[in-house]
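Since the structure comes first, as structure tokens, the remarks are kept for the end.
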Amino acid sequence: MSEELRPSKRIRLTDEPCIVAMQRMLRGKEGIMSLAQGIVHWAPPAAALEAARKAAEEPDTNSYGADDGLPKFREALKEKLKKENGLEGVEVMVTAGANQAYTNLVCTLLDEKDSAVLFRPFYFNHRMALQMTGGHANVVLAPSTKDYLPDVEWLEKRPCRPSNGERIRMVTIVNPGNPTGVILPKDLLERFSAACQRHQVWMVVDNTYEHFTYEEEGHAPHCCVSGDHVVNVFSFSKAFGMMGWRIGTWAFPPSLGPELMKVQDTIAICPAVASQKVAMAALESGRQWVKDHVTGLKENRRLVVAAVEETLGKGAVAGGSGAIYLMVKLPAGFENVSWLKDVWCPACLFGQSRPKVLFEI
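Residue numbers (the numbering used here): 3 to 363.
Laid out in structure tokens, this is it:
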């Protein structure tokens with residue numbers, strides 16, 4: 003390819019999607035199960051599948067919908083946010099999945115030379131969204147504690163207008179964590195919110211795994227915070243088994259709505275009408291429907307933890323208080339296992355420098 007006919011430098015320097023790399027690696031091979039991608043084994047509720055069948059026969063399904071989502075669906079989302087997440091006075095918008103929601107936010111909140119903070123280990127698509135819109139240098143990788151909680155003291159002490167001219171505009175938190183599976187307690191979220199407000203920095207919280215909590219085992223419940231500087235991202239993919247239907251949502255301060263609408267209209271115009279009808283019926287099935295399915299993951303989690311600890315020792319497993327992920331410490335010398343070079347998904351893809359491997363449960 004000639005120098006004139008080349009992709010942009012930003013895209014060329016953007017990380018390769020690791021899940022696609024894993025799928026390519028496994029193509030044509032039998033008897034191998036990938037533990038790399040976060041998916042659930044269940045389908046949407048029966049009422050949601052029935053809504054899909056009905057939607058196929060309804061004329062408005064074939065038309066453009068409202069840019070920000072079907073009005074009835076948005077009202078149902080606001081009620082859910084109020085009852086389940088304690089979020090009031092916010093606006094909502096529907097997107098084609100949480101990844102599109104995050105990318106739209108990057109386009110809306112950041113200028114070319116602005117920086118954004120991700121805490122190691124981070125969700126890889128978040129860094130990719132920042133790389134492809136602003137460049138690799140605009141990503142500030144921050145530390146986490148030994149328990150894989152994002153280090154709020156780092157943010158509290160760090161000037162957001164340092165002498166090198168870097169301007170931090172956005173801090174991203176994932177709760178529960180991906181890929182750590184760690185839940186942030188409410189007091190920690192509130193400290194992050196206070197620090198971002200003091201620095202006049204946007205706080206973006208990805209709540210994709212909000213339903214995946216294990217309070218019965220003594221772990222913290224999922225919580226949300228709100229404010230004029232806070233945007234919460236949610237997803238229907240995992241909780242309702244709707245990965246292929248691509249529905250995500252934001253909850254944001256109303257003043258941000260007109261600017262978000264510019265990006266939404268340019269990238270998606272509107273989320274798929276059929277998918278919204280399915281999501282609305284799924285939402286009506288209730289939180290208990292999701293909880294019943296998440297409860298079934300406990301045995302999966304127990305079996306994985308037991309197998310890893312039996313093989314690698316008691317201290318080998320970290321994280322996993324929420325979501326569907328565990329961090330597993332690999333033993334010394336793992337780099338020399340020849341077959342492992344072809345089949346593992348290294349944690350360095352998530353900004354983690356120490357030897358770890360990731361498991362989905």
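Cβ coordinates follow ideal geometry from the N, Cα and C atoms, glycine included.
Practice problem: Determine the burial state of Tyr66: buried for a count of at least 16 other Cβ atoms within 10 Å of its Cβ, exposed for fewer. | Solution: exposed
Quiz item: Gly296: buried (16+ other C-beta within 10 angstroms of its C-beta) or exposed?
Solution: It should be pointed out that residue 296 corresponds to Val in this sequence rather than to Gly. So Val296 counts as buried.
Quiz prompt | Any 3 or more C-beta pairs closer than 8 Å across the stretch 14-27 and the stretch 244-258 | solution = no
Practice problem: Please name the residue in Ser277, Gly288, Cys272, Glu301 whose C-alpha comes closest to that of Ala68. | Solution: Distance from the Cα of Ala68 is smallest, within the candidate group Ser277, Gly288, Cys272, Glu301, for Cys272.
Quiz prompt | Met35 versus Gln25: straight-line alpha-carbon distance, rounded | solution = One alpha carbon belongs to Met35, the other to Gln25, and they sit about 10 Å apart.
Quiz item: Could you give the distance in angstroms between the alpha-carbon of Thr365 and the alpha-carbon of Leu132?
Solution: The requested residue 365 is not part of the displayed model; the chain covers only 3 to 363.
Quiz prompt | Alpha-carbon to alpha-carbon, Asn140 and Met134 | solution = 10 Å
Practice problem: Check the DSSP bridge columns for Lys240 and list the partner residues they point to. | Solution: DSSP output for Lys240 lists no bridge partner at all.
Self-check item: Every unbroken alpha helix (DSSP H) inside the stretch 240-295 [4 residues or more]
Solution: 259-269, 275-286
Quiz item: Identify the residues that DSSP records as bridge partners of Pro152: which are they?
Solution: Ser146
Exercise. Could you name each continuous alpha helix (DSSP H) segment of 4 residues or more that falls completely within the stretch 66-100, going from the start of the chain to the end?
Key: The alpha helix (DSSP H) runs of length 4 or more contained entirely in the stretch 66-100 are, from start to end of the chain, 73-87.
Quiz item: How close, in whole Å, do the beta carbons of Ala241 and Ala98 come, if the pair is a contact with beta carbons under 8 Å?
Solution: That belief does not hold up - the Cβ atoms of Ala241 and Ala98 are roughly 17 Å apart, past 8 Å.
Quiz item: Taking the C-alpha atoms as reference points, what is the distance between His224 and Glu5?
Solution: 49 Å
Quiz prompt | For Ala309, the three-state DSSP class (helix, strand or coil) | solution = helix
Quiz item: Going by the beta-carbon positions, is the gap between Ala103 and Gly335 smaller than 7 Å?
Solution: no
Quiz item: What residue does the alpha helix (DSSP H) around Ser195 start on, and which one ends it?
Solution: Where Ser195 is concerned, the enclosing alpha helix (DSSP H) stretches over 188-201.
Quiz item: Under a Cβ-count criterion, where at least 16 other Cβ atoms within 10 Å of its own Cβ denotes burial, should Asn177 be classed as buried or exposed?
Solution: buried
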